[in-house]
């Protein structure tokens, strides 16, 4: 069977699948060893009680013909889209209509799928290092990618592209570096997009971890961003939904799309066409669970878990710096981006930590060439394991 | 913003979104009217008690750190893939390895996404009428589509294509016509695919409704289909999972893929690359719910609901034929494909039924040009509404 050439030209594996295989091989050889994962950004704390209550209630509804729910709207139930518009946006003074919100089974699906709306021959800019989904999904479609290096030299703030690009993926708070953009820095990107007829795909999956009051949670806090930016949000890290699967994407009606032949449509209606054709909505049960995050008790419980992880991040950042590591991020994000010691490559340091400290991290090179010489640690493990991991690193 | 030209060239809306809008407008004008939907293939009976029990158990697991589940394997948990291989395949004498099974959030996603692995310039054959997802997802990618008419003249059995095609989408039991292929008829397609280096995308979403013992449930019942066919399965209709979201796709390791440049890979590994890059696995809770279908009690309960719907189908088929309608399907599928009376177009008959009988059906023309002159009725409503609907049609 003849297949899409671009798939064949891809690097062999998805980064985290690669790491999982290496860890699994090590575990097989060392079945008694206690491995601590600070690698993939998966959470460890249970769901909030308000969320669990909502799951049970939804399960009970599904048990009776009178309250059973079949297919929901592809773009998500009104109850959830209205809660999102009210709590994530209007409460911050941002005007987002529920019809601009598309609920999905998670931000990975949306960040992976949204490029389908782009022409095959457009130019896409991604930061380097980068969450692999943005780059890989565009490589699979054969698009040209421009890399915007983010290094200690530029304080991990990408420079505006020197040549024209049509789309820019930005992720802030950043995965993998854990760094943020100030309002002023983000404004420059919105201005660039407006001046260059470009669109920003803004991944705000980690906004709930922001501690500094001045850091924007949404790109729509920036003037006129409604005309040039879509925003991806996730419940995975915010509320421990990595196994529940729910997220959403905001596609403002102000963004107009045109094709090479000159036809016009709104980007919102095109994304709706995509979702109604290839997606059947997120699980009703997951949507009810997500709704519970916005209740008063849900909010308090979710915040408590976020604080728990951010305290982990604080402990790690302090410990790593005390050990003499150059460590970044971790103040408004659950990730700590750490320079490898003694000139080790990021995969060498990954192997060293796995074999000598039984710790899993993510090698920076897996996120792009500018990630070489760094590894990413996550703050999502338990307090006990986080502390133990820092002790083990001290002992290496 | 410049977008994918092929999206702009699409017919305006996804069929079922179109119908939903028309029904919603009618409902607004006639708020007191009791509308009976025999339109979109959505179920009405609640989840099986064994499934509800599994939902509660999974919710409880998510409430404790010790049993909490975060990211699962993108291709699905072992417990479910093993249950599928054992129950859906080995129990029928078919050798499918759990590693050939990819669990997803539903068959619509998989049937929509799988075309991504195809070259942009290959030729795709679909039956006419057809489930719109197969055609639309390929039109969105700019592929050439060959239509294989299925009409009363050929007994709704498509003829082999006269020119070379690279991919054939087949859906049996068929949506929308409710007809089936015998083992011999299906064998001819497998032979064609093997002889022409083509691949069959086989949608077996409705296999659980088959009553006749001789009708194949899986394309892998046909010799050598492992070398040329992938198979989509759904829990939506089988077990009322339209709101729960879970399905799976089988990609045998025997299918080898090559690119224009001559590189080789297995189709299984390419689909894994796609799923690990753009999907984060189905909800853990939905996967545990799906597993419960394979327990002894789950099996009995699910079968009872299937029988309920198939008895509806029998009542409808009988009633429609007694009224003089030419009606097809409904014997091994929950759909009844009915010729419109008096030369009405399918949209005219749709409007007539909506306004005069307050019944929603699906106009055949929405499934392709050969669907003109037909409408599709589904057997998924309650017994009471099904009987009432037949009385209303009698009165029109």
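Protein chains in written order, with the working numbering: chain A, 1182 to 1577; chain B, 1182 to 1577.
Positions of the beta carbon are idealized from the N, C-alpha and C atoms, including for glycine.
Proximity of residue i and residue j at Cβ, strictly below 7 angstroms
i: residue 1471 of chain A; j: residue 1427 of chain A; result: yes
i: residue 1409 of chain A; j: residue 1380 of chain A; result: yes
i: residue 1457 of chain B; j: residue 1198 of chain A; result: yes
i: residue 1479 of chain A; j: residue 1306 of chain A; result: no
i: residue 1185 of chain B; j: residue 1298 of chain A; result: yes
i: residue 1559 of chain B; j: residue 1222 of chain B; result: yes
i: residue 1514 of chain A; j: residue 1416 of chain A; result: no
i: residue 1166 of chain B; j: residue 1500 of chain B; result: Since the displayed chain B opens at 1182 and closes at 1577, residue 1166 of chain B lies outside it and no answer follows.
i: residue 1527 of chain A; j: residue 1546 of chain A; result: yes
i: residue 1504 of chain B; j: residue 1564 of chain B; result: no
i: residue 1459 of chain A; j: residue 1293 of chain B; result: yes
i: residue 1462 of chain A; j: residue 1255 of chain A; result: yes
i: residue 1327 of chain B; j: residue 1541 of chain B; result: no
i: residue 1347 of chain B; j: residue 1308 of chain B; result: no
i: residue 1224 of chain B; j: residue 1421 of chain B; result: yes
i: residue 1310 of chain B; j: residue 1548 of chain B; result: yes
Within chain B, the residues that residue i reaches when beta carbons sit closer than 8 angstroms
i: residue 1458 of chain A; result: 1195, 1293, 1313, 1314, 1317, 1318, 1321
i: residue 1414 of chain A; result: Neighbours of residue 1414 of chain A on chain B: none; closest Cβ ~15 angstroms, over 8 angstroms.
i: residue 1270 of chain A; result: Per Cβ cutoff of 8 angstroms: no residues; residue 1270 of chain A is ~22 angstroms from chain B at best.
Proximal chain B residues relative to residue i, where beta-carbon distance stays under 7 angstroms
i: residue 1423 of chain A; result: 1251, 1252
i: residue 1240 of chain A; result: 1233, 1236, 1237, 1240
i: residue 1309 of chain A; result: In chain order: nothing, as chain B lies at least about 18 angstroms away.
Enclosing alpha helix (DSSP H) for residue i [first to last residue]
i: residue 1330 of chain A; result: Careful: residue 1330 of chain A lies outside any alpha helix (DSSP H), inside the beta strand (DSSP E) at 1325-1330.
i: residue 1457 of chain A; result: 1448-1459
i: residue 1295 of chain A; result: No alpha helix (DSSP H) contains residue 1295 of chain A, which DSSP labels as neither H nor E.
i: residue 1479 of chain A; result: 1477-1503
i: residue 1201 of chain B; result: 1196-1210
i: residue 1262 of chain A; result: 1259-1265
i: residue 1232 of chain B; result: 1230-1243
Element boundaries [beta strand (DSSP E), containing residue i]
i: residue 1437 of chain B; result: 1437-1439
i: residue 1517 of chain A; result: 1516-1520
i: residue 1384 of chain A; result: 1380-1384
i: residue 1412 of chain B; result: 1410-1415
i: residue 1466 of chain B; result: Careful: residue 1466 of chain B lies outside any beta strand (DSSP E), inside the alpha helix (DSSP H) at 1465-1473.
i: residue 1309 of chain A; result: 1304-1309
i: residue 1407 of chain B; result: No beta strand (DSSP E) holds residue 1407 of chain B; DSSP gives it neither H nor E.
i: residue 1555 of chain B; result: 1555-1559
Listed by chain order, chain A residues near residue i by CB distance under 9 angstroms
i: residue 1543 of chain B; result: Simply none; closest approach about 14 angstroms.
i: residue 1257 of chain B; result: Near residue 1257 of chain B there are no residues of chain A at all, since even the closest Cβ is about 12 angstroms away, more than 9 angstroms.
i: residue 1497 of chain B; result: Chain A residues near residue 1497 of chain B: none, gap ~19 angstroms exceeds 9 angstroms.
i: residue 1188 of chain B; result: 1297, 1298, 1438, 1440, 1446, 1451, 1454, 1455
i: residue 1562 of chain B; result: Those within 9 angstroms of residue 1562 of chain B in chain A number zero; the least Cβ separation is about 11 angstroms.
i: residue 1571 of chain B; result: None at all; the shortest Cβ gap to chain A is about 20 angstroms.
Proximity winner among the options, relative to residue i (alpha-carbon distances)
i: residue 1278 of chain B; options: B:1521, B:1220, B:1407; result: B:1407
i: residue 1286 of chain B; options: A:1466, A:1505, A:1416; result: A:1466
i: residue 1317 of chain B; options: A:1559, A:1573, A:1451; result: A:1451
i: residue 1337 of chain B; options: B:1351, B:1373, B:1325; result: B:1351
i: residue 1361 of chain A; options: A:1535, A:1395, A:1321; result: A:1395
i: residue 1554 of chain B; options: B:1564, B:1519, B:1573, B:1561; result: B:1519
i: residue 1400 of chain A; options: A:1535, A:1333, A:1475, A:1368; result: A:1368
i: residue 1263 of chain B; options: B:1296, B:1475, B:1315, B:1494; result: B:1475
i: residue 1429 of chain B; options: B:1249, B:1459, B:1281; result: B:1281
i: residue 1342 of chain A; options: A:1330, A:1334, A:1353; result: A:1330
i: residue 1229 of chain A; options: A:1561, A:1435, A:1196, A:1481; result: A:1481
i: residue 1424 of chain B; options: B:1206, B:1191, B:1233; result: B:1233
i: residue 1220 of chain B; options: B:1534, B:1182, B:1393, B:1227; result: B:1534
i: residue 1323 of chain A; options: B:1439, B:1300, B:1335, B:1332; result: B:1300
i: residue 1196 of chain B; options: B:1258, B:1249, B:1314, B:1374; result: B:1314
Contact set between residue i and chain A, taken where Cβ atoms lie within less than 7 angstroms
i: residue 1246 of chain B; result: 1225, 1226, 1227
i: residue 1278 of chain B; result: The premise fails here: residue 1278 of chain B is roughly 18 angstroms from chain A at the closest Cβ pair, so nothing lies under 7 angstroms.
i: residue 1287 of chain B; result: 1461
i: residue 1191 of chain B; result: 1454
Requested in this report: Quick one: which residues of the segment 1425-1437 of chain A get their C-beta closer than 8 angstroms to a C-beta of chain B? List them in chain order.
Outcome: From the segment 1425-1437 of chain A, only 1425, 1426, 1436, 1437 have a Cβ closer than 8 angstroms to chain B.
Query raised in the report: Just by C-beta distance, which residues in the segment 1291-1306 of chain B are closer than 8 angstroms to chain A?
Result: Taking 8 angstroms as the Cβ-Cβ cut-off against chain A, the residues of the segment 1291-1306 of chain B that qualify are 1293, 1294, 1297, 1298, 1299, 1300, 1301, 1303.
Query raised in the report: Between the segment 1208-1222 of chain B and chain A, which residues of the former have a C-beta closer than 9 angstroms to a C-beta of the latter?
Result: So the list reads 1221, 1222, given in the order they occur along the chain.
Query raised in the report: Which residues, in order along the segment 1462-1491 of chain B, keep a beta-carbon less than 8 angstroms from a beta-carbon of chain A?
Result: So the list reads 1462, 1463, 1464, 1465, 1466, 1467, given in the order they occur along the chain.
Query raised in the report: For the segment 1327-1345 of chain B, which residues have a CB atom closer than 7 angstroms to at least one CB atom of chain A, in sequence order?
Result: Taking 7 angstroms as the upper bound on Cβ-Cβ separation, chain A lies near no residue of the segment 1327-1345 of chain B.
Requested in this report: Could you please tell me which residues of the segment 1440-1456 of chain A, in chain order, have their CB closer than 7 angstroms to any CB of chain B?
Outcome: Along the segment 1440-1456 of chain A, going in chain order, the ones with a CB nearer than 7 angstroms to a CB of chain B are 1440, 1441, 1442, 1444, 1446, 1448, 1451, 1454.
Report task. Taking a Cβ distance cut-off of 9 angstroms, strictly less, list which residues of the segment 1376-1402 of chain A are near chain B, in chain order. Result -> Residues 1378, 1379, 1380.
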